[in-house]
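The block underneath contains the structure these notes are about, expressed in structure tokens.
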Amino acid sequence: MYPDPVFTVKLTATARKTMDEYDSSHFPLRAMRLDHQLRWFLPPGPDGYCKFLSPAGRCLIYEARPLVCCLHTCLPCTGEFTAMKNRLYFAGQQALVLKMQNLIAPQSAPPPVYRPWDNPLVTIESYDVLICDILRWSQAAGAFPGNGRHP
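At position 150 of the sequence shown the residue is numbered 150 (UniProt numbering), and the sequence of numbers has no breaks.
Shown next as structure tokens:
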């Protein structure tokens, strides 16, 4: 499962309820890994399913779940909806790279340079954004289905 930067904010806030400031702010680093394409993902639990599912199959972090889970459907998607989800995932993954760089960088290092208009997901902290802005950005960035650049 590929998360997004809003997920890291929500996951940190959830962790802060039971952890101190330092541990909760670094919790996303312990929860996520990099794949072979250097994309951040949430590795599955030992049973192969999401590590945040209870034994009964309920989401344990429902309020903090990533966009990929919010958009998940149990029914087959139309081609347009699948393309939209892929573009949103692409934008989320690109923004997450910057978010994770901020967590990994030493305190003395300058923060990564980005411009909010480069990707609308870079500066948001909730999913209450204009999806059309994200889709427009992801189309301009080249996240088109069939071009070999899948998120």
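No residue lacks a Cβ here, since even glycine has one placed at the ideal position from N, Cα and C. Given the structure is predicted, the values throughout are model-derived calculations rather than measurements.
In the structure shown, the three-state DSSP call for Pro46 is coil. Counting along the chain, no alpha helix (DSSP H) covers Ser54, and no H or E run does either. In the DSSP assignment, Lys10 falls within the alpha helix (DSSP H) that extends over Pro5 to Arg16. With respect to the C-alpha of Phe90, the residue from Pro28, Arg136 and Ala15 having the closest C-alpha is Arg136. Looking at the DSSP output, Arg33 bridges to Phe41. At the C-beta level, Phe7 and Pro66 come within 7 Å of one another. Taking all protein chains in view, the Cβ of Gln93 is crowded by 16 or more other Cβ atoms within 10 Å, so the residue is classified as buried.
For Cys69, the enclosing alpha helix (DSSP H) begins and ends at Leu67 to Cys70.
Collapsing the DSSP output to three states places Met19 in coil. Secondary structure at Thr82: helix, using DSSP grouped into helix, strand and coil. About 6 Å separates the beta carbon of Phe41 from that of Arg33, a gap short enough to meet the 8 Å contact definition. The alpha carbon of Met100 has as its nearest neighbour, out of Leu29, Cys59, Gly79 and Ala64, the alpha carbon of Leu29. Cβ contact annotation for Arg16 (same chain, cutoff 7 Å, sequence separation greater than five): Ser24, in chain order. Nearest in C-alpha terms to Leu11, of all of Ala83, Ala64 and Val68, is Ala64.
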